[in-house]
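Participant: Offset between the sequence shown (1-based) and the numbering used here: plus 37. For reference, the structure I am asking about is given below.
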Amino acid sequence: MSAPNIETIVSLSKRRGFVFPASDIYGGLGSSWDYGPLGVELANNIKKSWWNWLVYERDDIEGLDSSIIQNRLVWKYSGHEQTFHDPLVDCRTCKGRFRLDKLQDVQCLNHPEVHPGEDKECSLTEARDFNLMFRTTMGAVSTEDDPAALAYLRPETAQGIFINFANVLNTSRRKLPFGVAQIGKAFRNEVTPGNFIFRTREFEQMEMEYFCRPEDAGRIHQEWIDGFQEWIQELGISSENLKLYEQTKEELAHYSERTVDVLYRYFPEREDEEKQWDELMGIANRTDYDLRVHSKKPEDAGGKRINPDSTEDLSYFDPQTNERLYPYVIEPAIGVNRTLLAVMMDAYLEKTNDKGETRVILKLKPELAPIKVAVLPLAKNKPEIVDMAKTIKRSLQPSMRAVYDDTGGIGKLYARQDEIGTPFCVTVDHESLVDNAVTVRDRDTWEQERIGIDVLKDYLQKSLA
Ligand code: GAP
């Protein structure tokens, strides 16, 4: 079972401190969100899992952290200035502004029960292209209309990797195939952001560019498509809520030869099964497009792509074949925020207790859970019990994220921890003062076990692994 809809997660997030509307005390800021104490932990754990899997557990991937603001020429030669557009339409009647290809996802401002264009009073303008890159100006003397000062917030982290290709190659002494992984913020002035953290103007990407010989690209592309489906399922997401989508030629980004998206069932409440799915990640074969366009001497027949501004040739000398070539790039790109939403939706479970009350359990994988263990005193007015609980919490916290909580009755405290996905609660009671043992309660089974304090850390570490 997973969450019945995104709204369930919005409400849980706000109630328990995962995600809050940004700038809320000033009325909010369209589709911007802040990650609270639990949300930041969950996001960090997702990023850690991705980084460990790619950079630490494999032998062929390096890490990178490039700037959000780069020279404007990066975006000129990457093609984003020219082609990173969405088709925009205005409605003359309701005055709404919508993305032409996403009309199904939004509502008419005058008649929220219909989509724009469906109402007979609707009068949509011709579509026009709207560039999605956020513009800013650099420098103390810059003015809005000074083209020399114009800069962009990056719309994808990938370009920072391509322009550092030679730096990473030369310093790491890598040979093909190898990858470069990066996690960081990206910005897009989306025409129709929405659906909570699904589509926002500021978001975080985890992108890996895998450089390989052109003849290997097809096979390696497929390996990453398979590999990422496994990684996503290791995060606890059920295969029933995942499916692949092959982008059509018309849908492909300007740099891509083939892109396969992994879709998640973000909208299970929709009657039409087709409309329940949306993109969690994309895995693209970007060919040698990016390294060529940023190269000062592209060996491109006809010289169509000559770059007079770059100072570097981003080709690769293959010592095995004695040949210079532009590597192909396979790119698995996934959003932290969309992953977090899918993880929370899939972990959401409602369970009924003995008293017939419905309780929410967030069945997060222990690795992802924001808090691993909550230490709870059964009687908060008994100083010996409180002291013992606080001491246990402090002894656990160097090895795992632990909290102490005495702000309610034990039933309420258990329910609160279940709802935020804490795998274990440790209860200190009167008996603990005598037998030096505590009760460990399992989030998923609600079963309780008596464990000696001297072996508690080992027990928890083994159970969390
Ligand atoms: N470098 C390739 C690239 O950026 P993309 O499909 O546009 O490809 C990759 O973005 C991933 O980033 C998406 O699959 C999605 O998870 C996330 N993403 C893209 N736009 C987003 C937005 N406006 N809000 C939240 N996440 C977004």
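Even glycine gets a Cβ: it sits at the ideal position worked out from N, Cα and C.
(1) What residues match up with Asp-298 in a beta bridge as DSSP calls it?
(2) Suppose you measure from the CA of Arg-329 to the CA of Thr-348; what does that come to, to the nearest Å?
(3) Use the C-beta contact count for Gly-216: other C-beta atoms within 10 angstroms, 16 or more gives buried, fewer gives exposed.
(4) Pairs of beta-carbons, one from the segment 406-424 and one from the segment 467-474, closer than 8 angstroms: are there three or more?
(5) Would you say the beta carbon of Gly-319 is closer than 7 angstroms to some non-hydrogen atom of the ligand GAP?
(6) Rounded to the nearest angstrom, how far is the Cβ of Leu-497 from that of Met-437, given a contact under 8 angstroms?
(7) Pull up the distance between the alpha-carbon of Asp-442 and that of Ser-39, whole angstroms please.
(8) Below 6 angstroms CB to CB, which residues in the same chain sit around Asp-298 once its five sequence neighbours on both sides are set aside?
(9) When the Cα of Gln-485 is compared with those of Pro-460, Gly-154, Asp-495 and Gly-231, which residue comes out closest?
(10) Are Arg-250 and Leu-289 closer than 8 angstroms when you measure CB to CB?
(11) Enumerate in chain order the residues of its own chain whose CB-to-CB distance from Gln-270 is below 8 angstroms, with the five nearest sequence positions on each side excluded.
(12) Do Gly-133 and Leu-146 have their C-beta atoms within less than 8 angstroms of each other?
(13) Closest Cβ-Cβ distance between Tyr-326 and chain C: below 8 angstroms?
(14) Can you have a look at Ile-83 and say buried or exposed, based on whether 16 or more other CB atoms are within 10 angstroms of its CB?
(15) Using DSSP with H/G/I as helix, E/B as strand and the rest coil, what is Pro-124?
(16) Assess, as a yes-or-no matter, whether the segment 191-202 is touched by the segment 92-104 under the definition of 3 or more beta carbon pairs within less than 8 angstroms.
(17) What's the C-alpha gap between Arg-487 and Leu-386?
(18) In its own chain, which residues sit with a C-beta less than 6 angstroms from the C-beta of Ala-338, not counting the 5 before and 5 after it?
(19) Within the chosen definition, does the segment 152-172 reach the segment 122-142 through at least 3 CB pairs nearer than 8 angstroms?
(20) Rounding to the nearest angstrom, what Cα-Cα distance links Ile-457 and Lys-157 in this structure?
(21) Less than 8 angstroms between the beta carbons of Ala-321 and Glu-368, yes or no?
(22) Does the pairing of the segment 203-211 with the segment 185-195 give three or more beta-carbon distances under 8 angstroms?
(23) Measuring only the C-alpha atoms, how far is Tyr-326 from Ile-98?
(24) Please report how far the alpha carbon of Asn-168 lies from the alpha carbon of Ala-186, in whole angstroms.
Facilitator: The structure says:
(1) Translated into positions along the sequence shown, residue 298 becomes position 261. Asp-298 is bridged to Tyr-282 and Gly-319.
(2) Taking the sequence shown and counting its residues from 1, the one referred to as residue 329 is at position 292. Taking the sequence shown and counting its residues from 1, the one referred to as residue 348 is at position 311. Looking at the two C-alpha atoms, the distance is approximately 13 angstroms.
(3) Translated into positions along the sequence shown, residue 216 becomes position 179. Its Cβ being crowded by 16 or more others within 10 Å, Gly-216 is buried.
(4) Of all C-beta pairs linking the segment 406-424 to the segment 467-474, three or more are shorter than 8 angstroms, placing the two stretches in contact.
(5) Position 282 of the sequence shown, counted from the first residue, corresponds to residue 319. Yes, since a heavy atom of the ligand GAP falls inside the 7 angstroms radius drawn around the Cβ of Gly-319.
(6) Numbered from 1 along the sequence shown, position 460 holds the residue referred to as residue 497. Numbered from 1 along the sequence shown, position 400 holds the residue referred to as residue 437. Confirmed, Cβ separation roughly 7 angstroms.
(7) One-based indexing of the sequence shown puts residue 442 at position 405. One-based indexing of the sequence shown puts residue 39 at position 2. One C-alpha to the other measures close to 28 angstroms.
(8) Along the sequence shown, one-based indexing puts residue 298 at 261. Excluding residues within five positions, the ones whose Cβ falls inside 6 angstroms are Tyr-282, Glu-316 and Gly-319.
(9) To locate residue 485, count along the sequence shown from 1; it is residue 448. Ranking the options by Cα distance to Gln-485, first place goes to Pro-460.
(10) Against the sequence shown, residue 250 aligns to sequence position 213. Against the sequence shown, residue 289 aligns to sequence position 252. No, the Cβ-Cβ distance between Arg-250 and Leu-289 is not below 8 angstroms.
(11) Taking the first residue of the sequence shown as position 1, residue 270 is located at position 233. Around Gln-270: Ser-276 and Leu-279.
(12) Walking along the sequence shown from the start, residue 133 turns up at place 96. Walking along the sequence shown from the start, residue 146 turns up at place 109. Closer than 8 angstroms, so yes.
(13) Protein chains in the displayed structure number just one, and chain C is not present.
(14) Working through the sequence shown from its first residue, we reach residue 83 at position 46. By the 10 Å Cβ count, Ile-83 comes out buried.
(15) What you label residue 124 is simply residue 87 of the sequence shown in a count that begins at 1. Residue state, collapsed to three classes: strand.
(16) yes
(17) Residue mapping note: residue 487 aligns to position 450 of the sequence shown, counting from 1. Residue mapping note: residue 386 aligns to position 349 of the sequence shown, counting from 1. Near 26 angstroms, if we compare the C-alpha coordinates of Leu-386 and Arg-487.
(18) Counting from 1 along the sequence shown, the entry for residue 338 is found at position 301. Here the model assigns Ala-338 a pLDDT of 47, short of 50, so the residue's position is not dependable and the matter cannot be decided.
(19) yes
(20) Looking up residue 457 in the sequence shown gives position 420. Looking up residue 157 in the sequence shown gives position 120. So the two alpha carbons sit approximately 46 angstroms from each other.
(21) Counting from one through the sequence shown, the residue named residue 321 turns up at place 284. Counting from one through the sequence shown, the residue named residue 368 turns up at place 331. Yes, these two residues count as a Cβ contact at 8 angstroms.
(22) no
(23) In the sequence shown, counting from the first residue as 1, residue 326 sits at position 289. In the sequence shown, counting from the first residue as 1, residue 98 sits at position 61. If you take the alpha carbons of Tyr-326 and Ile-98, they lie about 21 angstroms apart.
(24) The residue given as residue 168 occupies position 131 in the sequence shown. The residue given as residue 186 occupies position 149 in the sequence shown. Approximately 18 angstroms between the Cα atoms of the pair.
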